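Colleague: Shown below is the structure under consideration.
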Amino acid sequence: MAETAHKETHGFQTEVKQLLSLMIHSLYSNKEIFLRELVSNAADASDKLRFRALENEALYENDSDLSVKLIVDKEAGTVTVSDNGIGMTRDEVIANLGTIAKSGTKDFFNKLSGDSAKDSQLIGQFGVGFYSAFIVADKVTVRTRAAGADQDAGVEWVSDGEGEFTIAEISKPTRGTDIVLHLRDDEKEFADNWRLRSIVNKYSDHISIPVLMWKDEVPEREGEDGEKIPGQPGEWETVNKATALWTREKSEISDEEYKEFYKHISHDFSDPLAWMHNKVEGKNEYTSLLYIPAKAPFDMWNRDQKHGLKLYVQRVFIMDDAEQFMPTYLRFVKGLVDSNDLPLNVSREILQDNKVTQALRQGCTKRALQMLEKMAKNDADKYQSFWNEFGTVLKEGPAEDYSNREKIAGLLRFSSTHNDSDAQTVSLADYIERMKEGQDKIYYVTADSYAAAKNSPHLEIFRKKGIEVLLMGERIDEWLMSHLTEFNEKQFQSIAKGDLDLGDLEDEESKKAQEEAEKEVEGILERAKKALGEKVEDVKFTHRLTDSPACIVADENGMTTQMMKLMQAAGQPVPDVKYHFELNPEHQLVKMLSGMQDEEVFNQWVEVLFDQAALSEQGSLKDPSSFVRNLNTLLMNLAK
């Protein structure tokens, strides 16, 4: 291997420097994972070559036996991880080993707390891969050549992880990548064949690519009976099972193997919450292995971020992030699908409208939901942990997946007036079980936050009668409820929309008292409507309030405040919506207004009540200065 004269020095991207420093300190207690990460990357490189070679067999360069080799040099204090996979070009080396090309990287670093235990979980979610080498090495040398490239197109990358790396052009006879770890003085324990072998058995047994280590020559020796026992020459020996885990029988696979395989495909350091392994035979033959992670990745809320399952066809790796097999609202699900019915040269475009793809998508979606249903039924605490991480994403489901809407609804959790905290723990089944006798609707209110929902004036009559209301304070909740109309044959009813009809929950005595209260202030509706003019759709009496004098309410089929805010946030034009202004005839302020003769003062009071109601419902006013002016005038009149 001869190095050319051309050599360059580059600085690491700022985020890489941060990651290296944090990783070395945060992951030091679990430092042996460096080998898992490097072997996993080497196996991926072999998978990618196998896929590319489907169209161009020349990439094998007359060597189709793919493997990962581990080489120990005790004297030099080095460990080399070598593969004959796809390799890298110079540009790919700079892009993959010098930068972190992930969206949301800055947000990721903002979440780091300085607590090693917490930060190690975050770093695991981010996926450190190659950089884990610096946990045990004070210098790393990478020699690589892309499959199909000339021998002189090799690249050498060298760094001590402190801020810079050098790039040089080299001649490399074989394709693939060799990563040489120059171990720190206090990490020489890893320059040992048996130590590395035990780590491979622990973390990488499930990898389908053979992991090879050199088995030393055994000299001829004499047995106890004096007979000569022939020696054995040195040779490469496979130290892992080298069988794709998902192809084995479930009864043969331990929980630990399932967990380690999850970490291999996800590059997560935490154990998964649950998994499901299925082999389907019949019209469509395929195997799926799906996992529910314990923690949400830092970029979970970006719907455009790549997600999906690993796709294999007849055990041959085809692509990462095949989003066609899992709906977007289940983008947190990790795993793979291995099909016997798709062609080996399948592309993303072909997958898009393929009938086999659609069948596999339906099957994988069904199993992911079954996994969640089983967790919710058998381990409420574990499911609550899942909900806290991924609940907001799952709320996208009813709008996206009509056929599974009822199943998804059963998995949703909400805050409610039944609980004192903002924890989303109430299922729709829980709510229905606690419904009052005669109640036939599921009542809910949406707002900007839990606090705003909890303090909504619309709740007053429901609190008085002890009727539970679901409190929805997330931005997505309004979108969710626009696509969720019923559950278990019970209709949803927003308490901030349309006329309030409590049906059998209203008693005759209350109805009579309401009628008498309305008669007391007869005539106020017409005067109030004249005062507000085009600002409102109508002015009505309401008995949904007990403590507040007034509120604004959207039409039954009209646009709510939260939906308007959603449209505004998305940059969509928002129509000019007029609300119903409802007055509480039993409130002292309304009674006072009813007897007021000065029409100008009456109008100012009505304006103030309307703006108060709008402020309570919307959180802001179109013309706050008018509200302040009217309020100040009324206060000054009272002070005279």
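Sequential numbering of the sequence shown, starting at 1, is according to full-length UniProt numbering.
Ideal Cβ placement from N, Cα and C applies to all residues, glycine included.
Quick caveat: nothing in here was measured; it's all calculated off a predicted structure.
1. Can you tell me whether W236 is buried or exposed, with buried defined as 16 or more other CB within 10 angstroms of its CB?
2. What does DSSP give as the partner residues of C364 in its beta bridges?
3. Per DSSP, what are the beta-bridge partners of residue 654 in this structure?
4. Any idea what DSSP makes of Q424, helix, strand or coil?
5. Do the region 367-383 and the region 408-420 make contact, defined as three or more Cβ pairs closer than 8 Å?
6. Look up T633 in the DSSP assignment and say whether it is helix, strand or coil.
7. Using the three-state DSSP reduction, which class does K395 fall into: helix, strand or coil?
8. Since T287 sits in a beta bridge, which residues does DSSP pair it with?
9. Count the other CB atoms within 10 Å of the CB of K395; is the residue buried (16 or more) or exposed (fewer)?
10. State the start and end residues of the unbroken beta strand (DSSP E) segment that holds F602.
11. Where DSSP assigns a beta bridge to Q491, which residues make up the other side?
12. Go through the region 236-272 residue by residue and report every complete run of the alpha helix (DSSP H) that reaches 4 residues or more, in order.
13. Taking only the alpha-carbon atoms, compute the straight-line gap between G87 and F487 and give it to the nearest angstrom.
14. Contact between the region 248-257 and the region 60-80: three or more CB pairs below 8 Å?
15. Under 8 Å by Cβ, that's how I've got V337 and L309 pegged, so tell me the actual separation to the nearest angstrom.
16. Measuring only the C-alpha atoms, how far is E617 from L631?
17. Taking a contact to mean a Cβ-Cβ separation below 9 Å, would you say I461 touches H543 in this structure?
18. With H, G and I counted as helix, E and B as strand and the rest as coil, what does DSSP make of T9?
19. So who's on the other strand from R331, going by DSSP bridges?
20. Using CA coordinates, which residue listed in K202, S510 and P343 is at the minimum distance from S254?
21. Is K102 helix, strand or coil when you go by DSSP?
22. Secondary structure at R195, three-state DSSP: helix, strand or coil?
23. For L66, tell me which candidate among L38, A242 and K139 has the shortest Cα-Cα distance.
24. Quick one: grab the DSSP three-state call for L97.
25. For the 8 Å Cβ check, are there 3 or more pairs between the region 89-98 and the region 201-215?
26. Can you give the Cα-Cα distance for M266 and S40, rounded to whole angstroms?
27. Helix, strand or coil for V158, going by three-state DSSP, please let me know.
28. What residue from A453, S270, Q232 and P549 has the CA that sits closest to D216's CA?
29. So what's M371 in DSSP terms, helix, strand or just coil?
30. Residue ranges of each alpha helix (DSSP H) run of no fewer than 4 residues wholly in the region 493-559, ordered along the chain?
31. Assign residue 649 to one of two classes, buried (16 or more other C-beta atoms within 10 Å of its C-beta) or exposed (fewer than that).
32. Does any residue of chain D bring its CB to less than 9 Å from the CB of F627?
33. Note down, in chain order, each residue of its chain lying with its Cβ closer than 6 Å to the Cβ of V333, except the 5 sequence neighbours on either side.
34. With the cut-off set at 9 Å, would you say I167 and V180 are in Cβ contact?
35. Can you tell me whether S208 is helix, strand or coil according to DSSP?
36. CB L35 to CB V79, shorter than 9 Å?
Modeller: Once the coordinates are examined:
1. Within the sequence shown, residue 236 is the residue found at index 236, counting from 1. By the neighbour-count rule (16 or more Cβ atoms within 10 Å), W236 is not buried but exposed.
2. Within the sequence shown, residue 364 is the residue found at index 364, counting from 1. According to DSSP, which records beta bridges pairwise, C364 is partnered with nothing at all.
3. Residue 654 lies beyond the range of the chain shown here (1 to 640); nothing can be said about it.
4. As a first step, residue 424 must be located in the sequence shown, where it is residue number 424. Looking at Q424 - three-state DSSP - the assignment turns out to be coil, as it is neither helix nor strand.
5. Taking one beta carbon from each stretch, the region 367-383 and the region 408-420 have 3 or more pairs nearer than 8 Å; the two touch.
6. As a first step, residue 633 is located in the sequence shown; it is residue number 633 there, counting from the start. Residue state, collapsed to three classes: helix.
7. For the purposes of this step, residue 395 is taken as residue 395 along the sequence shown, with counting starting at 1. In this structure, K395 counts as coil in the three-state DSSP scheme.
8. Taking the first residue of the sequence shown as 1, we reach residue 287 at position 287. DSSP, once it has assigned bridges, lists K279 and D338 as partnering T287.
9. Indexing the sequence shown from 1 puts residue 395 at position 395. Per the 10 Å Cβ criterion, buried.
10. Numbered from its first residue, the sequence shown carries residue 602 at position 602. From DSSP, F602 is part of no beta strand (DSSP E) but of the alpha helix (DSSP H) over E599 to Q618.
11. Here the question's residue 491 lines up with position 491 in the sequence shown. Its beta-bridge partners are K441 and E486.
12. The region 236-272 contains these whole alpha helix (DSSP H) runs: 255-266.
13. Locating residue 87 in the sequence shown gives position 87, where the first residue counts as 1. Locating residue 487 in the sequence shown gives position 487, where the first residue counts as 1. One C-alpha to the other measures close to 53 Å.
14. Result no; under three Cβ-Cβ pairs closer than 8 Å.
15. If you number the sequence shown from 1, residue 337 lands on position 337. If you number the sequence shown from 1, residue 309 lands on position 309. Correct: roughly 5 Å between the Cβ atoms.
16. Stepping through the sequence shown from its first residue, residue 617 is reached at position 617. Stepping through the sequence shown from its first residue, residue 631 is reached at position 631. Rounded to the nearest angstrom, the two C-alpha atoms are 19 Å apart.
17. What you label residue 461 is simply residue 461 of the sequence shown in a count that begins at 1. What you label residue 543 is simply residue 543 of the sequence shown in a count that begins at 1. In contact: I461 and H543 (Cβ atoms closer than 9 Å).
18. One-based indexing of the sequence shown puts residue 9 at position 9. T9: strand per DSSP, three-state reduction.
19. As a first step, residue 331 must be located in the sequence shown, where it is residue number 331. The partner list for R331 (beta bridge, DSSP) is empty, contrary to what the question assumes.
20. Walking along the sequence shown from the start, residue 254 turns up at place 254. When only C-alpha atoms are compared, the closest one is K202.
21. For the purposes of this step, residue 102 is taken as residue 102 along the sequence shown, with counting starting at 1. With a pLDDT of 46 at K102, under the threshold of 50, the modelled position of that residue is not reliable, and the figure given next carries that caveat. Coil at K102, not helix or strand.
22. In the sequence shown, counting from the first residue as 1, residue 195 sits at position 195. Residue state, collapsed to three classes: helix.
23. Within the sequence shown, residue 66 is the residue found at index 66, counting from 1. The option with the nearest alpha carbon to L66 is A242.
24. Translated into positions along the sequence shown, residue 97 becomes position 97. Looking at L97 - three-state DSSP - the assignment turns out to be helix.
25. no
26. Looking up residue 266 in the sequence shown gives position 266. Looking up residue 40 in the sequence shown gives position 40. It should be pointed out that residue 266 corresponds to Ser in this sequence rather than to Met. Roughly 10 Å separates the two Cα atoms.
27. Counting from 1 along the sequence shown, the entry for residue 158 is found at position 158. Strand.
28. Numbered from its first residue, the sequence shown carries residue 216 at position 216. Out of A453, S270, Q232 and P549, Q232 has the C-alpha closest to the C-alpha of D216.
29. Mapped onto the sequence shown, residue 371 falls at position 371. M371 falls in the helix class under three-state DSSP.
30. 508-520 and 524-532
31. In this structure the chain extends from 1 to 640, so residue 649 is not present and cannot be described.
32. Any reference to chain D falls outside this structure, which holds one protein chain only.
33. In the sequence shown, the residue the question calls residue 333 occupies position 333. L290, M326 and A368.
34. Within the sequence shown, residue 167 is the residue found at index 167, counting from 1. Within the sequence shown, residue 180 is the residue found at index 180, counting from 1. Not in contact: I167 and V180 (Cβ atoms no closer than 9 Å).
35. Reading the sequence shown from its first residue, position 208 is the one you call residue 208. It is coil, neither helix nor strand.
36. On the sequence shown, residue 35 is found 35 positions in, with the first residue counted as 1. On the sequence shown, residue 79 is found 79 positions in, with the first residue counted as 1. Contact flag set, yes.
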